[in-house]
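Residue numbers for the sequence shown follow this note's numbering, beginning at 15 and rising by one.
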Amino acid sequence: MAASIARARLEQAMNSLPPKVHKFLTSHIRKGENFELKTELNSEYRDRRKEAVKRVIANMTVGKDVSGLFADVLKCMQTDDLELKKLVYLYLMNYAKSQPELVILAVNSFIKDVDDANPLIRALAVRTMGCLRAERIVDYLMEPLRKTLKDVDPYVRKTAAICVAKMYDLKPQSTIDQGFIALLQDLLSDPNPMVVANAVASLREIQQNPRNKQNVFVVNAVVLHKLLAALNECTEWGQIFILESLAEYTPADVQEATNIVERVLPRLSHANGSVVLSAVRVLLAYLDFLQGAPNAAELTNQVVKKMSPPLVTLLASGPELTYIALRNINIILQKRPAVLSNEIRVFFCKYNDPQYVKMEKLDIMMRLATEANVDAVLSELKEYANEVDVAFVRKAIRAIGTCALKIEPAAERCVTALLDLIKTGVGHVVQEAVVVLKDIFRKYPGRYNGIIATICEHVDVMDEEEAHAALLWIIGEHAAHINNAPDLLRIFVDGFKEEPAQVQLQLMTSAIKCYLVRPEIQPMVQQILQLATASDNPDLRDRAYVYWRLLSSGADVRAVLAQCPPIEYESAGELSPGLLAELVRNLGNLSAVWHKPASAVASAKDWGRSGEEEDDEDDVAAEGGAQALDSVASPNAPVPTAQVVGNLIDLDF
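This is the structure we're talking about:
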């Protein structure tokens, strides 16, 4: 109340002053930055107007709302100063969507700029028209766009070609009806390679638009000749669009495929990694068409050899680009394993590589490992197993096991390396080595029984589910060779109820196998079966009943001791043939990095979904699944063991 009274008295005192004094005092009162900018934008001096526009753009960049100056900024559009015009166009592009009714005021200026004698201004005008995402002004801009598509200057034509794709995204049917697609297709025969490249880019964008219902970009013999002619002349991004189009083209015969391969091979030496991957994508697609050539084997070997050095060069980039290159190389090696068969050393991990790069390099090392280079690979893997990164160490140990499964002559050396790692006594190293050795025992039964005693000596450092299950499997399979097998099993019996399901199942099976070799452990087997049949886990309970009835009925249970089928080597990340073929067609794209089909890659509007929403959905799904399980299980809830089988536990085996 006091503040309002004071303000009223101040205004009354100001009004009572002489006019000159009042004007002098009020001229120094700051009315806000937008008011000052408005005054400067309407100044009669061009330099002051330019500085004002720069300040407006600066405010817009940091997030301040300067949309109220739209009309004043628009007045500055009528100028011969190219720098000022660029600034005004930048302002228009930013606020066109929020001020569509005011953007119409700029149409006349665009039409005038399209007829300007300076091709830079004409191109700038048509580029800005394409960036104005306001449907209300599309109809006004069609004639200026049509004029620029036929401009005498190639720079203007190539800019207008991209603008057609942007207009199609706003009004697809109007773009087709007005003949812009046909004009764009005519630009494929343009003498300027940059115009051809931009026309290809625009047509591909329209072709891939979800609202497109017709084939607007067809590569035939004539178009193919134009694309190959423009390939060496256009910029790197133009080359990428042309190479992507060539990868989707089906050659008419072997000779045409050979000619295309010869024209694409020089692109492998390009400095841009995306161009290199696009060229590799074309070559991989066309190698299948070369099989009918007289010298198909020789030509294929030449192409494969030429693909190797540029792929190796891609690994010399930063870690992010190296990771992308590795993911694409993984796909290439599954399609053509001979591409980098002699370059395994470039995939050895460096001390400063990020973890995700090291993991990818390990996968590729396993894919390239052969009997000829396995010694160098094992030497590297043993070094990796001494690192501090636990996840990397685990994968390195698994890689040693992979070498043993993949290369039989190297199995002895791999087992020796694993045994040395077990002797270190490091918890996670020992446990991972035991898990790996379980698979080696399955692959080569009876060959490495001598190391079982060393494994059993380190049971006290194991505390993980998978390691416990692997150790129990080894004990059950080799109970006849382990003197203290019952004692080792008894360690897990005492805490049977607290053990994970995987360990409980393996303990029960291993106890049965041990009992068949050592009948004196009958009381322990009875105790395990009693605990298992009282479990809430249906898998564990049902298997216990099966074993129980077999043992109590006097049936031959020697089948439990039957030899396991030999384990086969399976490469990590092996892709199905269909998915591999699709990823080869998408080399260099996001789907090739994710190793997922293009249809499964999330669209841009899905990327904004927060992780909290996903977590909530997962929780709801998990809760719903648990409720569904309860609803299914409750009508047939297990009846207590004593009511069903009576004195089965007391039966004499």
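Note that CB positions come from ideal geometry on N, CA and C, so glycine has one too.
- Collapsing the DSSP output to three states places F124 in a helix.
- R350 sits in coil when the DSSP states are folded into three classes, being neither helix nor strand.
- Beta-carbon to beta-carbon, A383 and K420 are separated by about 6 Å, close enough to satisfy the 8 Å threshold.
- DSSP, reduced to helix, strand and coil, places I421 outside both helices and strands of the structure shown, so it counts as coil.
- Residues of the same chain with a CB within less than 8 Å of the CB of E97, apart from the 5 flanking positions on each side, are K64 in chain order.
- Straight across, the Cα-Cα distance linking C528 with K320 is about 58 Å.
- In the three-state reduction of the DSSP assignment, F510 falls in the helix class, which pools H, G and I.
- In this structure, N223 lies away from L291, with their beta-carbon atoms at least 7 Å apart.
- Residue range 235-245 is occupied by the alpha helix (DSSP H) that includes H239.
- Look at G77 here: in three-state DSSP terms it is coil, with no helix or strand label.
- In the DSSP assignment, L597 falls within the alpha helix (DSSP H) that extends over 591-599.
- Distances from the alpha-carbon of Y154 to those of P186, L485, I118 put I118 closest.
- Assigned with DSSP and collapsed to three states, N603 falls in coil, not helix or strand.
- P265 sits buried, since 16 or more C-beta atoms from the chains shown fall within 10 Å of its C-beta.
- Spanning the alpha carbons of A418 and C428 requires a straight line of approximately 6 Å.
- Per the coordinates, the alpha-carbon of M380 lies some 7 Å from the alpha-carbon of A413.
- The beta carbon of W608 sits closer than 7 Å to the beta carbons of V615 from its chain, once the five residues preceding and following it are set aside; these are given in chain order.
- Under the three-state reduction of DSSP, S203 is assigned to helix.
- For L242, the CB contacts under 6 Å within the same chain, skipping 5 residues up- and downstream, are R277 in chain order.
- Note on geometry: alpha-carbon atoms of A499 and A493 lie some 6 Å from one another.
- The shortest C-alpha to C-alpha distance from A386 to any of N400, L395, N356 is the one to N356.
- The straight-line gap separating the alpha-carbon atoms of F406 and M476 is approximately 19 Å.
- Rounded to whole angstroms, N497 and L545 show a C-alpha spacing of 25 Å.
- Between the stretch 329-344 and the stretch 297-305, the count of Cβ pairs shorter than 8 Å is below three; the stretches do not touch.
- Cα atoms of Q316 and A285: separation of roughly 21 Å, rounded to the nearest angstrom.
- Looking only at K161, F124, P133, A330, the smallest Cα-Cα distance to C145 is reached by F124.
- Judged by their CB atoms, F361 and I378 are nearer to each other than the 7 Å cut-off.
- The continuous alpha helix (DSSP H) containing D453 extends over residues 441-457.
- In the three-state scheme derived from DSSP, where H, G and I count as helix and E and B as strand, S259 is classed as helix.
- Shown here, A481 sits in a helix according to DSSP, grouped into three states.
- Within the same chain, Q445, V448, V449 come within 7 Å of A481 by CB-CB distance, once the 5 residues on both sides are set aside.
- D200 is classed as exposed because its beta carbon has fewer than 16 other beta carbons within 10 Å across all chains shown.
- Looking at the backbone, the Cα of D95 and that of N206 are separated by about 29 Å.
- Contact check for A211 against A235 fails: the beta carbons are separated by 7 Å or more.
- Across the structure, S605 and Y370 are spaced so that their CA atoms are roughly 18 Å apart.
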